[in-house]
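Asker: Take a look at the following structure, please.
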Amino acid sequence: MRDHRLYLKDILSAMESIEAFVYRIDFKEFQADDKTASAVVRKLEIIGEAAKHVPDEIRRNYPDVPWKEMAGMRDKLIHFYFGIDYQLVWKTVKERLPKVKLWVRKILKDL
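Numbering that gives the first Met the number 0 puts the sequence shown at residues 0 to 110.
Below, the structure written as structure tokens:
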């Protein structure tokens, strides 16, 4: 079985990649750039899948992290090939990810 710290590192790495992908672009540019949008969606899928593997004990100890929402976003993205809500993706990237990233760093430090 894979060490749960590796899943947390996967989450952090994917978040850092997303930040690099959207650095200095606005929503209009993001939506128009299929390569960037696809890369961000893929990294969100990775975050969601990795979040599913974080042990319940860690989830309970860090209830402010939106574990279920992270996994749920992955499921939405995987199953909606032709109907991705890019405004929701953008909002997630710009508003939610920075906060969650801080939590993931704290968790890794605490472990």
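Ideal placement from N, C-alpha and C gives every residue a C-beta, glycine not left out.
Return the chain-ordered list of same chain residues with a C-beta closer than 6 Å to the C-beta of glutamate 48, the five sequence neighbours on each side being excluded.
Answerer: Result list for glutamate 48: Arg73, in chain order.
Asker: In terms of residue numbering, what span does the alpha helix (DSSP H) encompassing aspartate 9 cover?
Answerer: Start and end: 3-21.
Asker: Looking only at C-alpha atoms, which of Val88, Ile17, Val40 and Ala50 sits nearest to aspartate 2?
Answerer: Among Val88, Ile17, Val40 and Ala50, the Cα nearest to that of aspartate 2 belongs to Ala50.
Asker: What are the boundary residues of the alpha helix (DSSP H) that includes valine 39?
Answerer: Taken as a continuous stretch (DSSP letters only), the alpha helix (DSSP H) holding valine 39 covers 33-51.
Asker: Just checking, does the segment 50-67 make contact with the segment 34-41 on the three C-beta pairs under 8 Å criterion?
Answerer: The segment 50-67 is not in contact with the segment 34-41.
Asker: Which same chain residues, not among the five before or five after isoleucine 10, have their C-beta less than 7 Å away from its C-beta?
Answerer: Ile46, Ala49, Ala50 and Val103.
Asker: Could you check how far apart the C-beta atoms of leucine 5 and leucine 107 are, in whole angstroms? I think they sit under 8 Å.
Answerer: Not confirmed; about 10 Å, so no contact.
Asker: Can you check whether the CB of alanine 70 is closer than 7 Å to the CB of lysine 42?
Answerer: Result no, Cβ atoms of lysine 42 and alanine 70 do not sit closer than 7 Å.
Asker: Are the CB atoms of tryptophan 89 and phenylalanine 20 nearer to each other than 7 Å?
Answerer: No, these two residues do not count as a Cβ contact at 7 Å.
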